[in-house]
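Engineer: The opening residue of the sequence shown carries number 1 in the numbering used here; numbering runs sequentially from there.
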Amino acid sequence: KQWYQRRVRGDPYEMGESIMVDIDLDMGAYANAKRYYDAVKQSSLKEKKTVQSSSIALKNAEKKTEATIKDINIVASIKKARKAMWFEKFLWFISSEGYMVIGGRDAQQNEILVKKYLGKHDVYVHADIHGATSIIVKNKGSDPLPPKTMMEAGCFALCQSSAWNSKNFEYYWMLMSGH
1 KQWYQRRVRG DPYEMGESIM VDIDLDMGAY ANAKRYYDAV KQSSLKEKKT VQSSSIALKN
61 AEKKTEATIK DINIVASIKK ARKAMWFEKF LWFISSEGYM VIGGRDAQQN EILVKKYLGK
121 HDVYVHADIH GATSIIVKNK GSDPLPPKTM MEAGCFALCQ SSAWNSKNFE YYWMLMSGH
């Protein structure tokens, strides 16, 4: 095959940039033109595919970024959910009649409960066994506590003692805070 290079201009009467075109002398004018047309068509298809692929990649990256931001916001909101209340470091529950029942986890917490948190109208409950936890029933007012709440507090004191594991149930006793 023989190749011939020729400088081509768009309109011979206009002054503009010229382009070097390779012409295959073994092919006719139509075949040379078709070869260049096919090359231009192929490069424009490649350009369209590249633009399409880049837009899809950009959309996927945006979705992934949004998902990551949502995950970070969820983790941040979980960490900020709430501050622990003062009684949550102790054993505690709300009785069926709405009274707060709090017990110590060890001897040091028992002492803190009695000295710091036992109020004037609260009730102190303790199981009659060595190592049992001290229980405080927080009373909202000066009214006497209902018997059901007192029984629940006594059962809680027994369940937190060593008598529960040995299945040796002892008695529990209660003392009003003013005494």
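A virtual CB, placed ideally from N, CA and C, is assigned to each residue, including glycine. In this text, all values refer to a predicted model and were calculated from it rather than measured experimentally.
1. Let's see if you can read the secondary structure: which residues bound the alpha helix (DSSP H) around K148?
2. Here's the rule I'm using: 16 or more other beta-carbon atoms within 10 Å means buried, otherwise exposed. How should T149 be labelled?
3. Might you give, ordered along the chain, the residues of its own chain that have their beta carbon closer than 8 Å to the beta carbon of D38, omitting 5 neighbours on each side?
4. If you compare alpha carbons, which of L25, I135, S44, G28 is closest to Y99?
5. Cα separation between G103 and I74?
6. Between the segment 53-72 and the segment 118-125, do three or more beta carbon pairs fall short of 8 Å?
7. Quick one: what's got a C-beta closer than 6 Å to L113's C-beta in the same chain, skipping five residues either side?
8. Is the CB-CB distance between A163 and I129 below 7 Å?
9. E154: buried (16+ other C-beta within 10 angstroms of its C-beta) or exposed?
10. Are the beta-carbon atoms of F90 and Q109 separated by less than 7 Å?
11. What's the gap between the Cα of S142 and the Cα of E66?
12. Out of curiosity, what's the CA-to-CA distance linking V21 and K34?
13. DSSP on D122, reduced to helix/strand/coil?
Structural biologist: Reading it off the structure:
1. In the sequence shown, residue 148 corresponds to position 148, counting from 1. Here the alpha helix (DSSP H) through K148 covers 147-159.
2. Here the question's residue 149 lines up with position 149 in the sequence shown. Answer is buried; the Cβ neighbour count reaches 16.
3. Taking the first residue of the sequence shown as 1, we reach residue 38 at position 38. Once the five neighbours on either side are set aside, D38 has no close Cβ partner at all.
4. Taking the first residue of the sequence shown as 1, we reach residue 99 at position 99. Nearest C-alpha to Y99: I135.
5. For the purposes of this step, residue 103 is taken as the residue at position 103 of the sequence shown. For the purposes of this step, residue 74 is taken as the residue at position 74 of the sequence shown. I74 has its alpha-carbon roughly 34 Å from the corresponding atom of G103.
6. Using a C-beta cut-off of 8 Å, the segment 53-72 makes no contact with the segment 118-125, since fewer than three inter-stretch Cβ pairs fall below that distance.
7. Here residue 113 refers to the residue found at position 113 of the sequence shown. Counting only Cβ-Cβ distances below 6 Å, and skipping sequence neighbours, we find G104, S134, I136.
8. Here residue 163 is taken as the residue at index 163 of the sequence shown, counted from 1. Here residue 129 is taken as the residue at index 129 of the sequence shown, counted from 1. At a Cβ-Cβ threshold of 7 Å, A163 and I129 count as neighbours.
9. Against the sequence shown, residue 154 aligns to sequence position 154. What sits at residue 154 in the sequence shown is Gly, not Glu. When all chains shown are included, G154 counts as buried.
10. Counted from its first residue, the sequence shown places residue 90 at position 90. Counted from its first residue, the sequence shown places residue 109 at position 109. Cβ distance < 7 Å, so F90 and Q109 count as in contact.
11. Sequence index remark: in the sequence shown, residue 142 carries index 142 (1-based). Sequence index remark: in the sequence shown, residue 66 carries index 66 (1-based). S142 and E66 have their C-alpha atoms some 56 Å from each other.
12. Start at 1 with the first residue of the sequence shown, and residue 21 comes out as number 21. Start at 1 with the first residue of the sequence shown, and residue 34 comes out as number 34. Whole-angstrom Cα-Cα distance: 13 Å.
13. As a first step, residue 122 is located in the sequence shown; it is residue number 122 there, counting from the start. Residue state for D122 is assigned as coil, using DSSP reduced to three classes.
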